[in-house]
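Have a look at the structure below, then the notes.
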Amino acid sequence: MEERRAVANEDVWVVVPTFNEAPMVGTVVRGLRESFPRVVGVDDGSIDGSDAEIRAAGGVVVRHPINLGAGAALQTGVEFALHDPGMRYVVTFDADGQHRVADAVGMVARIREAPVQVIIGSRFLGVDSHGMTASRRWLLRVATVFERVTSGVRLTDAHQGLRVFDREFATILDLRTPDMGWASEFLDRMGSHHTPFEEYPVRVAYTEYSRGKGQRSMNSINIGVDVLINRILRGHR
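Counting from 1, position 198 in the sequence shown corresponds to residue 456 in the working numbering; the numbering is continuous, with no gaps.
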């Protein structure tokens, strides 16, 4: 059954941006490969052997010699996937174990039948995300309002890393924001191209490990300022 499912997803590349995730990334890649045969881990300058863990789990490794940021790693992975002429869909998936493979499988199945080019996972569509703090929930709500105003894209969860998009959108994505502000630039691209999209209910597991690797509240504010500055600069080009 797992083998048939993997064969059915041979036109999908899963991109896993990775920076010092050796304790978890092997487990993540192994779990993904039960449903997706094509997984690329973009090792963004790790110094803990993350690349070896990805290879041991059966993933392909593309390595940045220095740490460039999550946005740069995602763009590298998308460009790698575009070299495969048989690729129809890209999945972005975090390396820290927060996301569920079952949600990615459901999102890919949905995009195959829906008249959309992008599907974005949402933690706020009736699915409880175990371990989310009240402060994080509030920050995510504020970020969602911010994105609606600045990008024009109406979402319930604007900074969810689990996303699926088709080849056409992959060719126009062209992320220029190297850090965590990539999620906002992604929405900018959707807004400017009037990209049809849907949200999909997902469950995110906030473990002690993932919380330790996640963004702090103050850093979230810094990201918002960076995003705003980047938008102003792009508007003057």
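Each residue gets a CB set at the ideal place from its N, CA and C atoms; glycine is no exception. Treat the numbers as computed from the prediction; the structure is a model and nothing was measured.
| Query | Result |
| --- | --- |
| Spatial neighbours of residue 266 within its chain, please: C-beta separation below 7 Å, excluding the five flanking residues on both sides. | none |
| Exposed or buried, what is residue 434 when buried is set at 16 or more other beta-carbons lying within 10 Å of its beta-carbon? | exposed |
| Can you confirm whether the region 361-368 touches the region 441-453 when touching is taken to mean that 3 or more C-beta pairs between the two stretches lie within less than 8 Å? | no |
| Are residue 418 and residue 379 touching if we call contact CB-CB under 8 Å? | yes |
| Start and end of the beta strand (DSSP E) containing residue 422? | 421-424 |
| For residue 301, count neighbouring Cβ atoms within 10 angstroms of its own Cβ and tell me buried if that reaches 16, exposed if not. | buried |
| Taking the alpha carbon of residue 305 as the reference point, which residue from 322, 350 and 337 has its own alpha carbon closest? | 322 |
| Straight-line CA distance for residue 316 to residue 288? | 7 Å |
| Closest to residue 441 by CA distance: which of 333, 290, 271 and 325 is it? | 333 |
| Below 8 Å, how does it come out for the region 337-352 and the region 412-426: are there three or more Cβ pairs, yes or no? | yes |
| Taking the alpha helix (DSSP H) that residue 366 belongs to, which residues open and close that run? | 359-371 |
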